[in-house]
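Protein sequence lines correspond, in order, to chains A and B.
The first sequence lines up with residues 1 to 319 when you count with the working numbering.
The second sequence lines up with residues 1001 to 1319 when you count with the working numbering.
No residue lacks a Cβ here, since even glycine has one placed at the ideal position from N, Cα and C.
Only a predicted model underlies this, so the values are computations on that prediction, with no experimental measurement involved.
There are 2 protein chains.
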Amino acid sequence: MADLPSRVDIHEEGPREGFQIEPGPIPTADKIRLIEALAGTGLRHIQVCSFVNPRLVPGWADAEATVAGFRPREGVHYTALWFNANGLNRALAFRDRLTLNGSISLSASEAFTRRNLNRSHAENVEAMRRQTALHQEAGVPVTRIGVMAAFGCNFQGDIRPEDVLRTLADGFRIAEEAGATITDVSLADTMGWATPPRIERTVGAVRERWPGPRLSLHLHDTRGLAVANAHAGLRLGVSRFDSTVGGLGGCPFAGQKGAAGNICTEELVLLCEEMGIGTGIDLDALIEVGRMAESIVGHQLPGELIHAGSLNAFRRRAA
Amino acid sequence: MADLPSRVDIHEEGPREGFQIEPGPIPTADKIRLIEALAGTGLRHIQVCSFVNPRLVPGWADAEATVAGFRPREGVHYTALWFNANGLNRALAFRDRLTLNGSISLSASEAFTRRNLNRSHAENVEAMRRQTALHQEAGVPVTRIGVMAAFGCNFQGDIRPEDVLRTLADGFRIAEEAGATITDVSLADTMGWATPPRIERTVGAVRERWPGPRLSLHLHDTRGLAVANAHAGLRLGVSRFDSTVGGLGGCPFAGQKGAAGNICTEELVLLCEEMGIGTGIDLDALIEVGRMAESIVGHQLPGELIHAGSLNAFRRRAA
């Protein structure tokens, strides 16, 4: 347990992930209400929207209205997602309220890259070169490499640690050529293939090769192992996680409908608390926001603590 | 990882746990169909019913018909649950097809004992003395001590390892006085308070004090940490788990409805497979049975693999 971090940063992606996948249109006011409530729980990193094509992702047609609408809270970093020059330009209009960082986004699975982006890996590397230049011209620092499908892929099967190392090496080459300093490396379990042994092998291999950058995990609970995977990551010193309140968001790559999405923020916070790792988050307040999210989307969310209550709530009752 | 077991025994409790909590009456033929399908997956221990008062648990009014109805499969142990002399007598009628073992069942939480049984712990110890004698008179060996609420309690709060040690000491005293040899100790997370650090502390303390008996965990996913807890248990050498296919069963002690029940057998099998631990179970066959369970109960079950599919299924597709 020598590697256990003393505190972790949680990047809350519930608004962005959740509202892009919900079928019904969610009123902008509800999105804003959720973002403001999340900021009141002690979360310091909240992804508030996706600047994507509204014809492809109608759930984020109101990205501008949402970002313009919430009252920013001091000390909280609000982030957004974009995939191209148009999205970047839309984000740049909100420099005053969004924390903008560029990311070199690659996939460890060639089959996933083709399926998701209709490009080869080599073509994607070229696209990331151009995108890195675009960000730098706009004054947006490129500080992060993200690797999708880092633990396995529904279209390619198993992904080995050496596949991830090779993908990351491509990312570091792009950064080096552009003179960008990478502070963060994110491994995403895009299709829910991670298991504790896979986390141990791949995170171990990445840390050994690049001990400098901070490692982050983006975990999906598609096969029910997300919390166990987070536990394995924490034991290896991973100190940053993406997650969504209530487990908002789903998985478009699952075999059948009804599959779970992201690791749930409440469960991650409970795990950290129990391990003596600080998060700065008030779990009971977060559970209340999870209940708000459930009422906004109008159906049961996968987050268990919403329904079971926290240990503290019962401790108080028992005392 | 020196303590990692080379194989684990899984005690499938889906039929018993699931059908006692479902609101609608489940036809006996469906119960039998599920039991027979489970036996075809490689599972070797299946709990098929509860011999309880049908007025209190109407879902098991057909316990006799269910046990009489299924075709036993060679090499599979079918078990049942009972709480008193009447239940034991009903079970004894099926000595030919059920594996009957007696259990000394205590709770580490006095508040839970009072709430659940309307007895003090001391009164419960007395009741277990009488029940042990009753089993021995019937020729049913008493080989197991079970501790409920071993990691925390909604009515009492935190449960410390020393509370569990004291409870177990009471159980071993009952066994010793009766001349019973305890081969199995089961720790139950009855209300979903377990977390990996709690598992490590309590399992560690129990193993240190009683290194002989096999340790078993009965985990609930009430707060989403069941698989992480199983992982922690496996790392400490726990080699027997109770679980339910599809996560059948719920939690009557949760703060709100919609709370999850037992750890899901499919997720446990996936975890073991990935850790190189044998279970003897065909995961893809088990997932099919989980889908059957879902169609029998008529609503979505919490087991994620039912909806996401196994890694092997996608591996074959990708190949």
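(message) For A/S6, count the other beta carbons within 10 Å of its own beta carbon; 16 or more makes it buried, fewer makes it exposed. Which is it?
(response) If you number the first sequence from 1, residue 6 of chain A lands on position 6. The residue in question, A/S6, is exposed, as its Cβ has fewer than 16 Cβ neighbours within 10 Å.
(message) Restricting to Cα atoms, I'd like to know which of B/R1055, B/E1074 and B/A1080 is closest to B/T1066.
(response) The residue given as residue 1066 of chain B occupies position 66 in the second sequence. Residue B/A1080 is the option with its Cα nearest to B/T1066.
(request) Could you tell me the distance, in whole angstroms, from the CA atom of B/C1264 to the CA atom of B/A1127? (result) On the second sequence, position 264 is the one that residue 1264 of chain B refers to. On the second sequence, position 127 is the one that residue 1127 of chain B refers to. In a straight line, the C-alpha of B/C1264 is about 32 Å away from that of B/A1127.
(message) Using only the alpha-carbon positions, how far apart do A/I32 and A/G69 sit?
(response) Working through the first sequence from its first residue, we reach residue 32 of chain A at position 32. Working through the first sequence from its first residue, we reach residue 69 of chain A at position 69. Between A/I32 and A/G69, the C-alpha separation is close to 7 Å.
(message) For the structure I just gave you, are there three or more beta carbon pairs, one from the stretch 230-245 of chain A and one from the stretch 11-31 of chain A, closer than 8 Å?
(response) The stretch 230-245 of chain A is in contact with the stretch 11-31 of chain A.
(message) In this structure, how does DSSP classify A/V57 when only helix, strand and coil are distinguished?
(response) Stepping through the first sequence from its first residue, residue 57 of chain A is reached at position 57. The answer is coil: DSSP assigns A/V57 none of H, G, I, E or B.
(request) Assuming A/E267 contacts A/L305 (C-beta within less than 8 Å), just tell me the rounded distance between them. (result) Taking the first residue of the first sequence as position 1, residue 267 of chain A is located at position 267. Taking the first residue of the first sequence as position 1, residue 305 of chain A is located at position 305. Going by Cβ atoms, the distance from A/E267 to A/L305 rounds to 6 Å, so yes, they are a contact pair.
(message) On the DSSP bridge list, what partners appear for B/I1046?
(response) Taking the first residue of the second sequence as 1, we reach residue 1046 of chain B at position 46. Answer is B/E1012 and B/Y1078, bridged to B/I1046.
(request) Note down the Cα distance separating A/D158 from A/A285, rounded to an integer number of angstroms. (result) Working through the first sequence from its first residue, we reach residue 158 of chain A at position 158. Working through the first sequence from its first residue, we reach residue 285 of chain A at position 285. Straight-line Cα distance between these residues: approximately 39 Å.
(message) What does the alpha-carbon distance come out to for the pair A/V76 and B/E1022?
(response) Against the first sequence, residue 76 of chain A aligns to sequence position 76. Against the second sequence, residue 1022 of chain B aligns to sequence position 22. Each residue's Cα considered, the two are about 44 Å apart.
(request) Find the nearest neighbour of A/R317 within the set B/I1199, B/E1177 and B/N1154, judged by alpha-carbon distance. (result) Position 317 of the first sequence holds residue 317 of chain A. Checked all of B/I1199, B/E1177 and B/N1154; the closest Cα to A/R317 is B/N1154.
(request) Just the C-alpha distance for B/P1072 and B/D1030, rounded to the nearest angstrom, thanks. (result) Within the second sequence, residue 1072 of chain B is the residue found at index 72, counting from 1. Within the second sequence, residue 1030 of chain B is the residue found at index 30, counting from 1. Their backbone Cα atoms lie some 16 Å apart in a straight line.
(request) Taking B/N1243 as part of the beta strand (DSSP E), name the residues at either end of that continuous run. (result) On the second sequence, position 243 is the one that residue 1243 of chain B refers to. The sequence given here has Ser at residue 1243 of chain B, not Asn. Segment R1240 to S1243, the beta strand (DSSP E) holding B/S1243.
(request) Give a yes or no on whether the C-beta atoms belonging to B/T1195 and B/L1225 are separated by under 8 Å. (result) As a position in the second sequence, residue 1195 of chain B is number 195, starting the count at 1. As a position in the second sequence, residue 1225 of chain B is number 225, starting the count at 1. The answer is yes: Cβ separation under 8 Å.
(request) Could you give the DSSP three-state label for B/L1248: helix, strand or coil? (result) Mapped onto the second sequence, residue 1248 of chain B falls at position 248. Judged by DSSP in its simplified three-state form, B/L1248 adopts coil rather than helix or strand.
(request) Give me whichever residues DSSP pairs with A/M148 in a beta bridge. (result) To locate residue 148 of chain A, count along the first sequence from 1; it is residue 148. A/S107.
(message) Suppose only complete runs of 3+ residues qualify. What are the beta strand (DSSP E) ranges in the stretch 1192-1244 of chain B, listed by chain order?
(response) Within the stretch 1192-1244 of chain B, the runs of beta strand (DSSP E) at least 3 residues long that lie entirely inside it are, in chain order, 1214-1218 and 1240-1243.
(request) Flag A/L225 as yes if its beta-carbon sits less than 8 Å from any beta-carbon of chain B, otherwise no. (result) Taking the first sequence and counting its residues from 1, the one referred to as residue 225 of chain A is at position 225. Taking CB atoms only, A/L225 has a neighbour in chain B less than 8 Å away.
(request) Could you check the C-alpha separation between B/A1169 and B/A1175 for me, to the nearest Å? (result) Here residue 1169 of chain B refers to the residue found at position 169 of the second sequence. Here residue 1175 of chain B refers to the residue found at position 175 of the second sequence. Between the C-alpha atoms of B/A1169 and B/A1175 there is a straight-line separation of about 10 Å.
(message) List, in chain order, every chain B residue whose beta-carbon is nearer than 8 Å to that of A/T222.
(response) What you label residue 222 of chain A is simply residue 222 of the first sequence in a count that begins at 1. In chain order, E1304 and A1308 make up the part of chain B whose C-beta sits under 8 Å from the C-beta of A/T222.
(request) Can you give me the start and stop residues for the alpha helix (DSSP H) that B/V1269 sits inside? (result) Indexing the second sequence from 1 puts residue 1269 of chain B at position 269. Start and end: T1265 to E1274.
(message) Helix, strand or coil, according to DSSP, for A/A260 in the structure here?
(response) Position 260 of the first sequence, counted from the first residue, corresponds to residue 260 of chain A. In this structure, A/A260 counts as coil in the three-state DSSP scheme.
(message) So with CB distances below 9 Å, who are the chain A contacts of B/Q1020?
(response) Stepping through the second sequence from its first residue, residue 1020 of chain B is reached at position 20. What B/Q1020 touches in chain A: nothing, since even the nearest Cβ is about 20 Å away.
(message) Are the CB atoms of A/I277 and A/G42 within a distance shorter than 8 Å?
(response) Position 42 of the first sequence holds residue 42 of chain A. Position 277 of the first sequence holds residue 277 of chain A. The answer is no: Cβ separation not under 8 Å.
(request) Starting from B/T1279, find everything on chain A with Cβ-Cβ shorter than 9 Å and list it in chain order. (result) On the second sequence, residue 1279 of chain B is found 279 positions in, with the first residue counted as 1. Within chain A, no residue comes near B/T1279; the closest Cβ sits about 14 Å away, beyond 9 Å.
(message) Given this structure, state the Cα-to-Cα distance separating A/S105 from A/R114, to the nearest angstrom.
(response) What you label residue 105 of chain A is simply residue 105 of the first sequence in a count that begins at 1. What you label residue 114 of chain A is simply residue 114 of the first sequence in a count that begins at 1. Near 14 Å, if we compare the C-alpha coordinates of A/R114 and A/S105.
(message) Which of the three DSSP states is assigned to A/S295 in this structure?
(response) Position 295 of the first sequence, counted from the start, is the residue given in the question as residue 295 of chain A. Secondary structure at A/S295: helix, using DSSP grouped into helix, strand and coil.
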